[in-house]
Each structure stands twice: as structure tokens, then as C-alpha cells.
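Numbering (this note's numbering), first residue to last: 8 to 113.
Every residue gets a Cβ at the ideal spot worked out from N, C-alpha and C, and that includes glycine.
Owing to the predicted nature of the structure, the values given are computational and were not obtained by experimental measurement.
Step one of this worksheet: look at the structure below.
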């Protein structure tokens, strides 16, 4: 598992310098740690599995959830979901795994 070796999730104790040093952004982003989003990556799967992996695209895709900091460093990546998987299903899985996505109190 690569998680603990390569990805370090923020604990929410510090505000990024790009936010804290900018009066324009600070009021709106003082509690923001970064960004989280999903993306579809083309996948090669068996013809039996293809329908589950064919989402919005005409070809099979994997749905990948990723989080990053303001420095564009990845802090969490959850690959492997079939292209038809809903965002809510993927985020629930990310929060309830042995190595979960951690969302600090704030």
C-alpha cells in the first residue's frame, strides 16, 4: 500500500501560506485544506465487466477520487471504481476504508 509512504493528509492545524498571506482569500478559504475531485481514466477490462465501467464516455473508464493541497501535492488517491459508480458511493467508500480519507474537524 502506497498511502502512508507517499501521501500525507493534512491535519487541519495550519492555514496554507497562500491563503493566510492574502487578505482577499483568507476570509473565504481559511478553513480550506485543498481540493477533492473525481476523474475518469480510460481502462482496459474484460468484455463481461465492460458495462459496469462504461460511464459517461463511450469506452470503459475507472472512476478515480483524488485530493490535493494548494501546492498541488496529492494527499489522497482512491483508484479502481467502475465508471458507473456514483460520487456518493465513492466518497462513502473513501471515508470507511482501512486507510480512510480524513476530513479534520473545522
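My understanding is that residue i touches residue j, with C-beta atoms under 8 Å, so please give their C-beta distance in whole angstroms.
i: residue 45; j: residue 97; result: 6 Å
i: residue 18; j: residue 107; result: With 8 Å as the limit, residue 18 and residue 107 do not qualify as a contact, their Cβ atoms being about 14 Å apart.
i: residue 75; j: residue 101; result: About 14 Å separates the two Cβ atoms, so there is no contact after all.
i: residue 151; j: residue 82; result: Since the first residue shown for the chain is 8 and the last is 113, residue 151 is missing from the structure and cannot be characterised.
i: residue 58; j: residue 71; result: Their Cβ separation, rounded to whole angstroms, is 19 Å, which puts residue 58 and residue 71 out of contact at 8 Å.
i: residue 77; j: residue 25; result: 5 Å
In the DSSP assignment, what residue or residues form a beta bridge with residue i?
i: residue 109; result: DSSP output for residue 109 lists no bridge partner at all.
i: residue 81; result: 75
i: residue 47; result: 70
i: residue 42; result: 75
Pick helix, strand or coil for residue i, following the three-state DSSP scheme.
i: residue 86; result: strand
i: residue 98; result: helix
i: residue 20; result: coil
i: residue 36; result: helix
i: residue 52; result: coil
i: residue 27; result: helix
i: residue 59; result: helix
Using C-beta distances below 7 Å, list every residue in its chain close to residue i, excluding the 5 sequence neighbours before and after it, in chain order.
i: residue 68; result: 47, 48, 49, 50, 60, 62, 90
For residue i, which residues of its own chain have a beta-carbon under 6 Å away from its beta-carbon, when the five flanking residues on both sides are left out?
i: residue 84; result: 73
i: residue 52; result: 60, 67
i: residue 65; result: none
i: residue 92; result: 70
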